[in-house]
Amino acid sequence: MTFNTLSVLGLGYVGLPTAAVFASRGVDVIGVDTNAAVVAMINRGEIHIVEPDLGELVKSAVAAGKLRAATKPEPADAFIIAVPTPFTDDHKPDLRYLMAAAESLAPVLKRGDLIVIESTVPVGATQSVSERLAQMCPHLSFPHNSEDADIHIAHSPERV
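In structure tokens, the structure reads:
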């Protein structure tokens, strides 16, 4: 598998550093965030969070044309979902942001794409994403129902 373009959904404390590091290594990265002000800042080479040395990394990656931001997903070869998963009032994980990010990918998914869920999520969330995308993209196969799936989905949990 070759991944020429990476899209990172969620440009907060996990997503923006992830996007910037990949871009600094020569990967074409499209950062996606629903906050238009954040997108505009990143496209100017500025950052909205406090992280040592991240500002220079983003500025350099944007200047090199390796990092840009958008409010909606665009076609890519791999997608990293790094959105918040807060808790509800009854202490259950709120997966609305995860599912919204996953659903936003449906129009741009193609055979061979990889989706990595970086968000901290409970057991079963990856399968839920796979099942939902299968409903939205009946022309593609997903790992929950095919050994040789068109779309690959992984979970890379890390608490920050």
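Per this note's numbering, the very first residue in the sequence shown carries number 1483; after that it's consecutive.
Yeah, the Cβ is synthetic: ideal placement off N, Cα and C, and Gly gets one too.
- Message: Tell me which residue opens and which closes the alpha helix (DSSP H) that G1547 is part of.
- Response: G1547 -> no alpha helix (DSSP H), and no H or E assigned at all.
- By Cβ distance, which residues of its chain are closer than 6 angstroms to A1636, with the 5 residues on each side in sequence left out? V1598
- Query: Taking only runs of the alpha helix (DSSP H) that begin and end inside the region 1491-1556, which ones reach a length of at least 4 residues, in chain order?
  - Reply: You should have 1497-1506, 1518-1525, 1536-1545.
- Contact between the region 1501-1517 and the region 1540-1553: three or more CB pairs below 8 angstroms? yes
- Query: Does DSSP classify S1489 as helix, strand or coil?
  - Reply: strand
- Task: Would you tell me roughly how many angstroms separate the C-alpha atoms of M1667 and I1562, rounded to the nearest one?
- Result: Residue 1667 cannot be examined here, being either before or after the span of the chain that is shown, 1483 to 1642.
- Message: Using 8 angstroms as the cut-off, can you tell me whether the region 1578-1591 makes contact with the region 1606-1620, which would need three or more C-beta pairs spanning the two stretches below that distance?
- Response: yes
- Classification of F1646 by the beta-carbon crowding that lies within 10 angstroms, buried from 16 upward: Past the edges of the chain, shown from 1483 to 1642, lies residue 1646, and the structure says nothing about it.
- Which of the three DSSP states, helix, strand or coil, is assigned to A1560? strand
- Query: Hey, out of N1627, M1581, A1551, T1516, whose CA is closest to A1501's CA?
  - Reply: A1551
- Item | Cβ-based burial, G1497 [other Cβ within 10 Å; buried from 16] | buried
- Query: Among G1513, S1612, D1571, which has the Cα closest to the Cα of L1491?
  - Reply: G1513
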